[in-house]
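All remarks here apply to the structure that follows.
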Amino acid sequence: MYLELDGRGPLYEQLTRALKASILDGRIVAGTQLPPTRELADELELSRTTVLAAYEQLRAEGFIAGRVGSGSYVSNLQARPVNHHDAATAIAAPSRYAQRAREVRDWDIPRIHRGLRYNLQYGNPLINPALNNAWGRELARAAAYTRLSVNEVAGFSALRKQTCDYLARRRGVQASPDDVMIVSGTQQAIDLAARVLLNEGDRVVLEEPHYFGAHQVLKAHGAELIAVRTDHDGIVCGELPEQPPRLIYVTPSHQFPTGSILSLPRRKELLHYAQHHQCWIIEDDYDGEFSYESHPMPAMRSLDDSDRVIYIGTFSKVMFGGLRLAYMVLPAALHGDFCNAKYLNDMACPVIEQAALAHFMEDGGFERHLRLARKELKIRREALIAGLRQHAGDRVDIADTPAGMHLVVWLRNYDADQCEALIAYAHDQGLGLYPVAPLYLHAPAQPGLMLGYCGVSVAELREAMQLFGECLDHIESR
Numbered sequence: 001m002y003l004e005l006d007g008r009g010p011l012y013e014q015l016t017r018a019l020k021a022s023i024l025d026g027r028i029v030a031g032t033q034l035p036p037t038r039e040l041a042d043e044l045e046l047s048r049t050t051v052l053a054a055y056e057q058l059r060a061e062g063f064i065a066g067r068v069g070s071g072s073y074v075s076n077l078q079a080r081p082v083n084h085h086d087a088a089t090a091i092a093a094p095s096r097y098a099q100r101a102r103e104v105r106d107w108d109i110p111r112i113h114r115g116l117r118y119n120l121q122y123g124n125p126l127i128n129p130a131l132n133n134a135w136g137r138e139l140a141r142a143a144a145y146t147r148l149s150v151n152e153v154a155g156f157s158a159l160r161k162q163t164c165d166y167l168a169r170r171r172g173v174q175a176s177p178d179d180v181m182i183v184s185g186t187q188q189a190i191d192l193a194a195r196v197l198l199n200e201g202d203r204v205v206l207e208e209p210h211y212f213g214a215h216q217v218l219k220a221h222g223a224e225l226i227a228v229r230t231d232h233d234g235i236v237c238g239e240l241p242e243q244p245p246r247l248i249y250v251t252p253s254h255q256f257p258t259g260s261i262l263s264l265p266r267r268k269e270l271l272h273y274a275q276h277h278q279c280w281i282i283e284d285d286y287d288g289e290f291s292y293e294s295h296p297m298p299a300m301r302s303l304d305d306s307d308r309v310i311y312i313g314t315f316s317k318v319m320f321g322g323l324r325l326a327y328m329v330l331p332a333a334l335h336g337d338f339c340n341a342k343y344l345n346d347m348a349c350p351v352i353e354q355a356a357l358a359h360f361m362e363d364g365g366f367e368r369h370l371r372l373a374r375k376e377l378k379i380r381r382e383a384l385i386a387g388l389r390q391h392a393g394d395r396v397d398i399a400d401t402p403a404g405m406h407l408v409v410w411l412r413n414y415d416a417d418q419c420e421a422l423i424a425y426a427h428d429q430g431l432g433l434y435p436v437a438p439l440y441l442h443a444p445a446q447p448g449l450m451l452g453y454c455g456v457s458v459a460e461l462r463e464a465m466q467l468f469g470e471c472l473d474h475i476e477s478r
């Protein structure tokens with residue numbers, strides 16, 4: 001099969017576009033059986049993971065359909081004639097932001113596996129069936145008793161107050177409701193910070209490795225990204241640039257993805273650097289609620305005497321992803337500018353959900369859910385580590401920190417190709433694994449995996465780790 005890849009973005013995206021073009025142009029007609037993934041991978045000299053991802057995308061968009069036991073076939077789509085001149089001139093060139101957004105959306109982040117027996121996907125919150133019923137009651141109550149007019153730009157006042165009370169108790173952050181803004185998730189919080197603080201070409205420091213969502217947002221806004229190394233004590237402040245950045249993005253309570261906790265001396269050093277160079281810090285406390293030590297370190301914002309820290313926390317990660325509510329604690333000098341940016345972006349977050357969450361927190365339901373989730377996640381974490389030690393042994397190094405919802409596991413004596421082969425083989429066996437390399441600006445010397453444990457029960461984790469050990473055996477026997 002002749003396919004020409006265009007060289008833009010990840011290989012699976014290039015292959016998807018090439019196959020789409022061939023189908024739409026009629027070069028591959030309806031009803032044609034596509035080659036098996038392994039055969040096409042060998043023919044194009046690509047990894048089987050790349051071909052699998054392209055086929056999954058085409059299937060999701062309706063270009064191909066699978067037949068059990070038979071393979072993948074081209075759907076009955078009407079071919080279109082090609083006129084490259086018309087296509088190039090019909091649409092005006094998009095803005096530089098749109099072009100950059102398109103590029104970062106093509107960035108090679110790990111694809112999410114679907115329909116597997118054991119999917120160790122990271123980033124999703126714990127599923128608590130009791131929460132569904134409780135949340136339904138709260139929504140009904142809020143709909144009956146809440147004014148349905150457009151809410152305040154900064155957020156529902158009762159929710160901002162409950163957020164302040166919670167932060168003071170749990171994270172050591174002293175704030176008033178006037179300091180807090182309710183936003184539609186961490187992603188919007190970072191986007192608003194980029195709108196308010198950055199001009200195109202401004203320098204931004206990211207931890208290396210780092211959260212890919214922050215990378216995408218900041219790059220789309222035209223920032224020049226500078227990666228600063230992290231170690232077991234968090235970001236290495238001694239390697240911060242001499243030419244100061246405009247903004248520093250960090251995850252100090254549980255570094256994403258490695259899990260390291262920013263030490264107290266480094267927190268003070270980072271705050272001093274920001275004050276001295278007059279730059280801002282985003283503290284993304286994405287899972288600070290899930291510390292399994294008796295006395296977790298308070299948020300860095302609690303040490304900030306110069307009001308340089310923009311603190312971000314999320315309810316979506318704690319409760320369920322579809323909630324799309326998070327919060328920011330803002331420096332006084334920036335509050336008005338963030339309100340303006342929020343108003344122009346979406347005016348305000350939905351009031352019913354905010355009112356429901358405010359009452360859920362006031363009534364103690366939020367804290368009860370947190371206690372249950374923290375207890376269950378600790379048990380799952382221990383089961384995952386025990387399974388790794390039993391079935392993987394000294395073939396892996398576990399980055400074990402007592403916090404969070406995922407683990408990073410480094411593969412000893414593996415190279416990048418072997419890691420990719422392991423992920424592809426595990427997928428075929430029903431086990432979803434995710435590489436850590438895409439979360440670096442510069443690929444790490446040692447390949448590793450991110451293993452999430454929120455969506456897998458203790459029994460399933462034990463079975464998954466046995467299967468993981470068998471997958472390692474298979475790759476090492478080749």
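In full-length UniProt numbering, the protein residues as written are 1 to 478. Every residue, glycine too, gets a C-beta built ideally from N, C-alpha and C. Please read these numbers as outputs of a predicted model, since none were measured by experiment.
For residue j and residue i, the rounded distance between their alpha carbons
i	j	result
D363	M328	22 Å
L120	Q99	33 Å
N340	D191	13 Å
A318	K161	Here residue 318 is Val; the residue named in the question, Ala, does not match the sequence. Rounded to the nearest angstrom, the two C-alpha atoms are 18 Å apart.
R195	L52	37 Å
residue 505	L388	Here the chain covers residues 1 to 478 and nothing more, so residue 505 does not appear.
T89	F256	A caution first: T89 carries a pLDDT of 48, below 50, which makes its placement in the model unreliable, though a value can still be read off. Their backbone Cα atoms lie some 43 Å apart in a straight line.
Y118	Y55	21 Å
L197	P331	12 Å
E460	G66	28 Å
R478	L40	21 Å
V309	G31	58 Å
V458	A464	10 Å
I248	L271	10 Å
Q216	I127	27 Å
H369	Y414	40 Å
D6	E103	14 Å
L58	R8	18 Å
P360	F315	The sequence shown places Phe at residue 360, rather than the Pro named in the question. Near 12 Å, if we compare the C-alpha coordinates of F315 and F360.
Closest Cα partner of residue i within the set the options
i	options	result
R96	A168, N199, N133	N199
D394	K378, M405, L411	L411
N151	S22, L206, Q354, Y414	Q354
G172	P298, G123, E283, S72	P298
R264	M465, D165, D233	In the sequence as displayed, the identity of residue 264 is Leu instead of Arg. Selected option, being the one with the closest Cα: D233.
D307	A333, H254, L325	A333
F290	D337, T401, Y311	T401
N124	G469, D417, Y286	Y286
G115	G455, F468, R462, R478	G455
E420	N413, Y434, V409	Y434
A424	I28, Y12, T49, L58	T49
R381	M405, D397, F366, R371	M405
H391	H221, V250, C471, L407	C471
L139	P350, I281, L372	P350
F468	Q429, A220, N128, P438	Q429
S149	M347, A373, R371, A326	M347
V436	L11, R462, L422, V409	V409
V204	S22, A274, S316	A274
L262	L303, A223, H427, L19	L303
Q187	D178, R301, L218	L218
Local Cβ density within 10 Å of residue i, reported as buried at 16 or more and exposed below that
i	result
D25	exposed
V82	Unreliable placement is indicated for V82, whose pLDDT of 48 sits below 50; no coordinate value is reported for it.
D473	exposed
G185	buried
H442	exposed
G62	exposed
R267	buried
D305	exposed
E239	exposed
R17	buried
Opposing strand residues paired with residue i [DSSP bridges]
i	result
E224	R203
N119	G432
W135	DSSP output for W135 lists no bridge partner at all.
H406	G452
G234	D231
V351	Answer is none; V351 lacks a bridge partner.
G9	Note: G9 sits in no beta bridge, so no partner.
V309	I281
E208	R229
Nearest-angstrom Cβ-Cβ length linking residue i and residue j, presumed shorter than 8 Å
i	j	result
A143	I352	6 Å
L34	L15	The pair is not a contact, with the Cβ atoms about 11 Å apart (cut-off 8 Å).
G155	I182	3 Å
C279	P244	5 Å
I282	I235	Contact flag wrong, Cβ pair sits at about 12 Å.
T146	Y211	About 33 Å separates the two Cβ atoms, so there is no contact after all.
A403	R462	So it is not a contact: roughly 22 Å between Cβ atoms.
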